[in-house]
Amino acid sequence: MLVPSGPRSAILLIGATFRNDTERRSVKQVVRTKQGAAVTEQNATGPAVPRVGRPRRDSQALLDAAAAVFVEFGVDAPVREIATRAGVGTGTIYRHFPTRADLVIAVYRHQVEACAEAGPRLLAESDSPEAALREWLALFVDFLVTKHGLPDALQGDGAGSDALHAFFTDRLVPVCATLLEAALSPDAPPVEAYGLLRGIGNLCIGGAGDPRYDTDALVQLLVTGVLARGGS
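Residue numbering for the sequence shown follows this note's numbering, starting at 1 and increasing by one per position.
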């Protein structure tokens, strides 16, 4: 189950249980950093002033690099590997993200946000609402299967896990609902977005390392069945 009743267990399933499908042929990166952390510097002649430019760029580079490294090695990847890919020192990482959990949460939230923002864009730019729904769900699958190791990184942080689960649900379920409404024919029975995302989560963990298991194909088959119920 992708979104079980307890938020703590939801994080476990969104994270570690998707490890089975991480040997995918390709992973679309949907991380786009929205903002960087501003730091202050004491002016020789006055009070501290914010420095936005470079810290913002550093934060962007760190999140992009961390996301790529987490896909390959999980969230326990060495910090020096992330720093090398971002072109910064390890000290820069710790200035932005004092703990590994801080970095993991930041990457996760930005990926959720990027996935959510992709929905309206795809709906506006795709050839049809159905095409937009299919492409967005493909992005959603790619997002899910790169979350192995998340529970370990958040171990002991119940509040952080709960907040992350709420953010995930609040941002992605409404986007899925909008895409479904646009893609379904008027006479089709309603489809609950929450339930659809749960079902897709189950499909993501079903391969158990089997190279013949094609999550994308199964998700697209599921979408075909959902849309066909109303004669779409």
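Beta carbons: idealized from backbone N, C-alpha and C, even for Gly.
Quick caveat: nothing in here was measured; it's all calculated off a predicted structure.
When the beta-carbon positions are compared, residue 74 and residue 83 stay at least 8 angstroms from each other. Here residue 189 carries a coil assignment [DSSP, helix/strand/coil].
Look at residue 73 here: in three-state DSSP terms it is helix. Per DSSP, the unbroken alpha helix (DSSP H) holding residue 140 starts and ends at 129-144. DSSP, read as helix, strand or coil, puts residue 211 in coil. Residue state for residue 80 is assigned as helix, using DSSP reduced to three classes. In the structure shown, residue 99 falls within a coil segment according to DSSP collapsed to helix, strand and coil. Rounded to whole angstroms, the gap between the alpha carbons of residue 174 and residue 193 is 8 angstroms. Taking C-beta atoms as the reference points, residue 112 and residue 167 count as a pair closer than 8 angstroms. Collapsing the DSSP output to three states places residue 126 in coil. In the displayed model, residue 87 falls within coil according to three-state DSSP, outside both helix and strand.
In its chain, beyond the 5 residues on either side, 69 have a beta carbon closer than 6 angstroms to the beta carbon of residue 77. Rounded to whole angstroms, the separation of the alpha carbons of residue 142 and residue 121 is 18 angstroms.
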